[in-house]
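Since the structure comes first, as structure tokens, the remarks are kept for the end.
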Amino acid sequence: MISLSSVVLALLIGSQAVKGALLTDPTKIGNDYDFVVVGAGIGGSVVANRLSENPAWKVLLIEAGINNAGLEDISIPFFAPSDSPNEIWTWNYTTVPQKGLLGRTLTYQRGKILGGTSSINYMMFTRGSSDFWDNIANWTGDSSWGWKNIYNYFIKLETFTPPADGHDTTGQYDPSVHGTSGPLAVSLPGAANELSPFIFQTQQNEASHWPFILDANSGNQLGLGWLQATINGSTRASAATAYLAPQYISRPNLDVLIEQQVTKVLFNTKVKGAPQATGVTFASGPKGKVYTVKAKKEVILSGGSIGSTHLLLLSGIGDKNALKKVGVSSIFNNAEVGSNLIDHPCITNHWVANTTNSLDLLRENSTALADAIANYDATGKGRLVDTVSPAMGLFRFPDNSDFIKSNPGVKTASGPKAAEYEFLWIDGWGSFLPVPGPSGFYLTLSQVILSPSSRGSITLNSASPWTFPTIDTAFLETEYDLAISRAAFKDARRFMNDKAWVGYKLGEAFDQNAFQTDAQIDTYLRNNTTPIYHMTSTNRIQSHKGGDGVVDNTLKVVGVSGLRVVDNSVFPFIIEGHPEATIYALAERASDYIKATWA
């Protein structure tokens, strides 16, 4: 890969940032701004862009990570699986030993770079079902969170873009439900994938079990269809490339400060009423000088489910007894901060493939990889233009299935249009687990449980902002989650045992065929489940019926003033899909809330 040279280039660009308002020197920013936005992931990038549309408002966006510019490892879609973990552009967290995974600890990466995790993820674009958004509207008592209104934001933020190879996309998506003039590019696969014929032939062979879906982003997501991803021609489209593009980042009222970590939100506790957020402190590292910047209107946290939660706790918003134990003074007592953590458990199932042309070729053969890079650089085409899977299956178990019969009345998905599990196919070894040998050709079916019932947490380890918090994903800690994972595993086998795969699929890797009884399958699941890095709900929106929550329906942090959270942590439930698209829509909606507040 091009890692070393591209990293050096990006660091040079960051350190020489003289154009526009991309800064690395804290002494070059102002003393105060109308809005201080913390974290340049999806939420922060969108909000900073939209608020700075008003030339009367001064906006500061602070990001702990580096500039994304010049990093081919980041911009080339094919390299997504190798973008994390990374010592330079990812936060590299570790969970506590997982009770449901036989005591295994898990690594957990987040993007530490302009664009946040949208700069390192697999680019999969799923809006969620209409049921998901309507459930949020019902939860909040605010109809503007429903699908009918949020759909307009999806149209606003998107430009559906022709795939890299320019093939005829008729029958692969529904153009009528996509935007044509938004900042974010979304596209279909841009290169032929040798798995596609097998996948869609299997679908046709059992269409009653795995129906075809023309467009899973239409509001009804159920079925197997072509994958949509945030790719602009042959390059990654991220929050940085879309919302912090040169024409935006050069606005005179927008400053973007990188390589500086916010360490605390400051409050004025002497005002009448709730404590008021007045600014933040930040530094480049544990030994760096601590700086302060003031916010005249609001501080907006967009650090993600880990980062924003960590910062709220460090700033004194959380369970006062737990904060006291680590030496943090309480500003507002709210035990909900860091609780209700939800994430999607993922299992990657592998088969040996009768091929010599899978993606494993590029992993094992440096000459083949060099040729692919040269072709990409010269033409913008070839297999490097795509993310890992050509298709996505979003399914529910039918009412007459063994799983539903064994779990009567248990429904955790948002509604009848929402999926319970997902399939993705990779023509090669696609896993967060190591390849079993030095050589070989594989195919992978990844199964993701989309509506788990287990709930984890984030808590403080220390009052120091440089010490990572304690993270517990609580994977497979309920019988329901284990049962649905087992049922999805059996369904994955059913898919791969279809006659369409005869001659291409040679046998199960990992000796998975040894796992036949439910007890054996459960052991396999507990030993091999990994995160897919979709953590949510650690700062969830309050229910309009009262009770627990961290933010209100306009994403203001309850118990204080002048502080909001705009990122994946505020959703009251987890999306049945990949959260990237939903965070863009959330941030667009939040931007309008903020604008209306200060109009």
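Using mature numbering (1 follows the signal peptide of the UniProt record, and there is no 0), the letters of the sequence shown correspond one by one to residues -20 to -1, 1 to 579. Cβ atoms here follow ideal geometry from the backbone N, Cα and C, with glycine treated the same way.
Please report how far the alpha carbon of residue i lies from the alpha carbon of residue j, in whole angstroms.
i: L(-10); j: E488; result: Unreliable positioning characterises L(-10) in this predicted model, as indicated by a pLDDT of 35, which lies under 50. The coordinate reading is nonetheless provided below. If I take the Cα positions, the gap works out to 44 Å.
i: I280; j: P266; result: 23 Å
i: T510; j: L430; result: 14 Å
i: P325; j: A36; result: 45 Å
i: residue 581; j: A117; result: Because the chain here runs from -20 to 579, residue 581 falls outside it and cannot be looked at.
i: I286; j: G199; result: 29 Å
i: D498; j: R466; result: 7 Å
i: S434; j: A565; result: 26 Å
i: I135; j: A567; result: 14 Å
i: K305; j: W331; result: 49 Å
i: A257; j: Q184; result: 57 Å
i: P396; j: F383; result: 16 Å
i: D154; j: N212; result: 18 Å
i: A561; j: L41; result: 21 Å
i: L82; j: G146; result: 48 Å
i: G539; j: S310; result: 12 Å
i: D528; j: F15; result: 27 Å
i: T149; j: T215; result: 19 Å
i: N508; j: W578; result: 49 Å
i: I563; j: A171; result: 28 Å
i: L80; j: Y504; result: The identity of residue 80 in the sequence shown is Gly, whereas the question assumes Leu. Each residue's alpha carbon lies about 12 Å from the other.
i: N29; j: Y422; result: 43 Å
i: residue 592; j: N48; result: Since the first and last residues shown for the chain are -20 and 579, residue 592 lies out of range.
i: G408; j: G50; result: 28 Å
i: H189; j: R473; result: 14 Å
i: T458; j: L292; result: 29 Å
i: K244; j: S523; result: 27 Å
i: G410; j: V273; result: 44 Å
i: N248; j: P255; result: 6 Å
i: G21; j: T221; result: 11 Å
i: A398; j: K252; result: 45 Å
i: S426; j: D471; result: 12 Å
i: residue 642; j: A358; result: The first residue shown for the chain is -20 and the last is 579, placing residue 642 beyond what the model contains.
i: L234; j: E278; result: 15 Å
To the nearest whole angstrom, what separates the beta carbons of residue i and residue j, a pair I think is in contact under 8 Å?
i: Y513; j: Q89; result: 7 Å
i: G23; j: S218; result: About 13 Å separates the two Cβ atoms, so there is no contact after all.
i: L2; j: I229; result: 6 Å
i: residue 582; j: T7; result: Absent from the structure is residue 582, since the part of the chain shown begins at -20 and ends at 579.
i: G283; j: D478; result: Actually they are not in contact, since the Cβ atoms of G283 and D478 sit about 44 Å apart, beyond 8 Å.
i: P449; j: I464; result: Incorrect: roughly 28 Å between the Cβ atoms, too far for contact.
i: R544; j: V531; result: 7 Å
i: V17; j: D452; result: The Cβ separation is near 28 Å, so there is no contact.
i: G307; j: A443; result: 4 Å
Are there 16 or more other CB atoms within 10 angstroms of the CB of residue i, so buried, or fewer, so exposed?
i: V242; result: buried
i: F78; result: Phe is not the amino acid found at residue 78; the sequence shown has Gln there. Buried.
i: E315; result: Looking at the sequence provided, one finds Ala at residue 315 rather than Glu. Flag for A315 reads exposed.
i: A468; result: buried
i: S62; result: exposed
i: N320; result: buried
i: E400; result: buried
i: F192; result: exposed
i: residue 581; result: The requested residue 581 does not occur in the structure, where the chain is confined to residues -20 to 579.
i: Q496; result: exposed
i: W481; result: buried
i: Q201; result: buried
i: W446; result: exposed
i: A570; result: buried
i: P57; result: buried
i: I68; result: exposed
i: N11; result: exposed
i: G121; result: exposed
i: S288; result: buried
Measure from the C-beta of residue i to each C-beta in chain D and report whether the shortest distance is under 8 Å.
i: L505; result: Annotation note: the requested chain D is absent from the structure, which comprises a single protein chain.
Do residue i and the ligand ATP come close, with the Cβ less than 7 Å from some heavy atom?
i: I68; result: Among the components of this structure there are no ligands whatsoever, and the ligand ATP is therefore not found.
Cβ contact check for the stretch 138 to 153 and the stretch 164 to 172: 3 or more pairs under 8 Å: yes
Segments assigned beta strand (DSSP E), at least 3 residues, entirely inside the stretch 57 to 144: As far as the stretch 57 to 144 is concerned, its whole beta strand (DSSP E) runs of at least 3 residues are 70 to 74, 87 to 91, 138 to 140.
Uninterrupted alpha helix (DSSP H) stretches inside the stretch 186 to 237 (no shorter than 4 residues): 219 to 223, 226 to 229
Stretch-stretch touch, CB-based, cutoff 8 Å, three pairs: the stretch 512 to 526 with the stretch 152 to 162: Output reads no: the stretch 152 to 162 does not touch the stretch 512 to 526.
Three or more C-beta pairs below 8 Å linking the stretch 532 to 539 and the stretch 566 to 579: Taking a contact to require three or more Cβ pairs closer than 8 Å, the stretch 532 to 539 and the stretch 566 to 579 qualify as touching.
Whole runs of the alpha helix (DSSP H) within the stretch 489 to 537, excluding any shorter than 4 residues: 498 to 508
Contained beta strand (DSSP E) runs [length at least 3] in the stretch 330 to 410, N- to C-terminal order: 371 to 375, 401 to 406
Segment contact, 8 Å Cβ cut-off, at least three pairs: the stretch 220 to 238 with the stretch 176 to 190: no
Cβ contact (3+ pairs, closer than 8 Å) linking the stretch 48 to 66 and the stretch 364 to 375: yes
Length at least 4, wholly inside the stretch 238 to 321: the alpha helix (DSSP H) runs in chain order: Counting only runs of 4 or more, we get 284 to 294, 300 to 305.
Every unbroken alpha helix (DSSP H) within the stretch 414 to 495, with a cutoff of 4 residues, ordered by chain: 459 to 476
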